[in-house]
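With the numbering used here applied, the sequence shown covers -12 to 392.
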Amino acid sequence: MNASSAIVTLLLLGLAGCVSATPSPLAMVVSSPTRANQTLDREAQRDGRFIGLAISGGGSRAAVFGGAMLRELHRLGLLQQVDVLSAVSGGALPAAYYALDGYRSIDFANSFLERMGHDFQSDMRGRLVSPGNLFKYWLTDATKSDTVVQVLDEQLFHNATYADLNPSRPKLLLNATNALTGDPFVISDESFATLSSSLASFSVSRAVYMSAAYPGVFDPVTLPSSEPALHPAVLAYDGGPADNLGIKTLVNLLGKADQRTALTTQFPKGCLIIAVDATPRITSVNNQPLSASTVLLKSHRREVLERVGIAEEQQDRAMFSTFTVNGSQSVCTFWHLALRQLPDADPLGARVTRIKTSFGLESTDQDALIRAARQLIEQGVKISRETEIDPAFLREAGSPATTSR
């Protein structure tokens, strides 16, 4: 963290002691389903295949890398077939933007990566420490979260709510953590229904903020419950502590679907989870101990990747694995696209795996992440074809028949 960032962080921490998390405005009426529900319905089953795409956290590093991967997967014709997007923190920016494609000026085909690389940190820094806002935080119920949400709305989401999600784009599941229990909190129709609240009217920018609100720096978001005795209110922040990869949400979704009907029946053409992993290389500096949060993220990553079939010693090398769902006969293929698969001996790998986590990047770092995405995609496609990785539709990626969908 550079000096200016450190000053801003200290100011934010100071403000955190002056304001409490204010309840997020929720309409206390359960809405009709949005494009953020945790069900695999007939629409998902229509083509006989399931593709889930997870985008990890990691600030602007994850936003740009995730955005570049979306573009590469679109070039292959795979993005057009994705059923569900699951994203965390920085990865929530490209996921939500793509899910809103076509809303107002949101256009995935134009200036998408430039928007992902916007210097949000500078925008936030200027507003968070402006005298007017400092007094507002001190004297009113306004919080830093309101300012961050305003920046996200101005630069990306244009006051969109969940009702505005594009029905022709994948379902969107953003991940946060319930700070009161430590459990994952998936922003969905189902989780809001337990609070007797409507997700349809909820701000997408606020949901993205909630998924990225790093504890101790940004205020958590309070989601009140109309029946607190039955369903306590939720205090939500950064999804990283629960699962910084976004993979568990997709695995759990498949598990619930398989309990109803075998996945082989629902998706006879196969099952695929693609994970975009922007985790940096984690090393001690000058023999200083790693922070507890860093160790926690590292441990969670190891456990999640083992769950989908990649042994610990292979997690920075292996691209493909298979795993069973609910211990049944239902098998799903896992495609891991990780920055750490680029070796340190490669100057590109040495660079992109050491980009610090923030919400602003130099243009040269953005270019490196875009090149990394292209390189990893090409490597994965080559492996899938040479080793005949199932399902077959993965091996066909990039063919004229696939890209025309």
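Built from N, CA and C at the ideal position, the CB exists for glycine as well.
Nearest to residue i (by Cα), restricted to the options the options
{"i": "G203", "options": "A166, F380 and L232", "result": "A166"}
{"i": "L210", "options": "Y201, F179, V238 and S192", "result": "F179"}
{"i": "A337", "options": "T266, G314 and T311", "result": "T266"}
{"i": "L222", "options": "S308, D170 and I234", "result": "D170"}
{"i": "D264", "options": "D245, K285, F205 and I93", "result": "K285"}
{"i": "T148", "options": "S212, D88 and V116", "result": "D88"}
{"i": "G45", "options": "G77, T281 and Q67", "result": "G77"}
{"i": "R156", "options": "D354, T320, S132 and A86", "result": "A86"}
{"i": "G296", "options": "C319, T281, H287 and A279", "result": "C319"}
{"i": "M56", "options": "L182, Q68 and L356", "result": "L356"}
{"i": "V282", "options": "N231, I261, D34 and A325", "result": "N231"}
{"i": "T26", "options": "A96, F346 and T248", "result": "T248"}
{"i": "A50", "options": "N24, D245 and L326", "result": "L326"}
{"i": "V71", "options": "F189, G233, S184 and H287", "result": "G233"}
Span separating the alpha-carbon of residue i from that of residue j
{"i": "Q362", "j": "A216", "result": "52 Å"}
{"i": "V173", "j": "D225", "result": "11 Å"}
{"i": "D352", "j": "K343", "result": "10 Å"}
{"i": "Q253", "j": "F307", "result": "23 Å"}
{"i": "T21", "j": "Q275", "result": "47 Å"}
{"i": "R58", "j": "L100", "result": "9 Å"}
{"i": "D331", "j": "L186", "result": "44 Å"}
{"i": "I364", "j": "E349", "result": "23 Å"}
{"i": "F107", "j": "V138", "result": "7 Å"}
{"i": "T270", "j": "L277", "result": "8 Å"}
{"i": "W322", "j": "V136", "result": "33 Å"}
{"i": "R114", "j": "T134", "result": "7 Å"}
{"i": "D140", "j": "L240", "result": "29 Å"}
{"i": "M103", "j": "R48", "result": "9 Å"}
{"i": "D176", "j": "L329", "result": "38 Å"}
{"i": "N153", "j": "V191", "result": "13 Å"}
{"i": "L381", "j": "L161", "result": "25 Å"}
{"i": "D206", "j": "A199", "result": "10 Å"}
{"i": "E373", "j": "T130", "result": "54 Å"}
{"i": "I(-6)", "j": "A41", "result": "For I(-6), the predicted structure reports a pLDDT of 37, less than 50, and the residue's modelled location is therefore unreliable. A value from the coordinates is still provided. One C-alpha to the other measures close to 33 Å."}
{"i": "C258", "j": "K235", "result": "15 Å"}
{"i": "D39", "j": "G119", "result": "Contrary to the premise, residue 39 reads as Gly rather than Asp in this sequence. If I take the Cα positions, the gap works out to 44 Å."}
{"i": "R289", "j": "G53", "result": "20 Å"}
{"i": "I376", "j": "T311", "result": "16 Å"}
{"i": "Q301", "j": "I261", "result": "17 Å"}
{"i": "R62", "j": "K369", "result": "15 Å"}
{"i": "D28", "j": "D110", "result": "40 Å"}
{"i": "S92", "j": "N146", "result": "12 Å"}
{"i": "Y196", "j": "S132", "result": "7 Å"}
{"i": "L159", "j": "L324", "result": "20 Å"}
{"i": "A305", "j": "A96", "result": "31 Å"}
{"i": "Q32", "j": "S184", "result": "28 Å"}
For residue i, three-class secondary structure by DSSP
{"i": "P334", "result": "helix"}
{"i": "A41", "result": "strand"}
{"i": "G227", "result": "helix"}
{"i": "R36", "result": "strand"}
{"i": "L143", "result": "helix"}
{"i": "A14", "result": "At A14 the pLDDT is 48, less than 50, meaning the model places this residue with poor confidence; the figure from the coordinates comes in the next sentence. Three-state result, A14: strand."}
{"i": "V238", "result": "helix"}
{"i": "L284", "result": "helix"}
{"i": "P171", "result": "strand"}
{"i": "V195", "result": "helix"}
{"i": "A279", "result": "helix"}
{"i": "D88", "result": "coil"}
{"i": "L80", "result": "helix"}
{"i": "S73", "result": "strand"}
{"i": "V291", "result": "helix"}
{"i": "G257", "result": "strand"}
{"i": "T148", "result": "strand"}
{"i": "S132", "result": "helix"}
{"i": "L2", "result": "The pLDDT assigned to L2 is 35, lower than 50, so where the model puts this residue is not dependable, and the model offers no usable value."}
{"i": "V204", "result": "coil"}
{"i": "S178", "result": "helix"}
{"i": "L396", "result": "This structure cannot settle anything about residue 396, because the visible part of the chain is limited to -12 through 392."}
Beta strand (DSSP E) segment containing residue i, residue limits
{"i": "K158", "result": "K158 to N165"}
{"i": "L250", "result": "From DSSP, L250 is part of no beta strand (DSSP E) but of the alpha helix (DSSP H) over L250 to Q253."}
{"i": "L210", "result": "V208 to L210"}
Span of the alpha helix (DSSP H) around residue i
{"i": "G54", "result": "G46 to L63"}
{"i": "D110", "result": "F107 to L115"}
{"i": "T266", "result": "Unbroken run through T266: none, as it is neither H nor E."}
{"i": "L100", "result": "F99 to M103"}
{"i": "S19", "result": "S19 -> no alpha helix (DSSP H), and no H or E assigned at all."}
Taking only runs that begin and end inside the stretch 308 to 386, name each unbroken alpha helix (DSSP H) of 4 or more residues, in chain order. 334 to 339, 350 to 373 and 379 to 382
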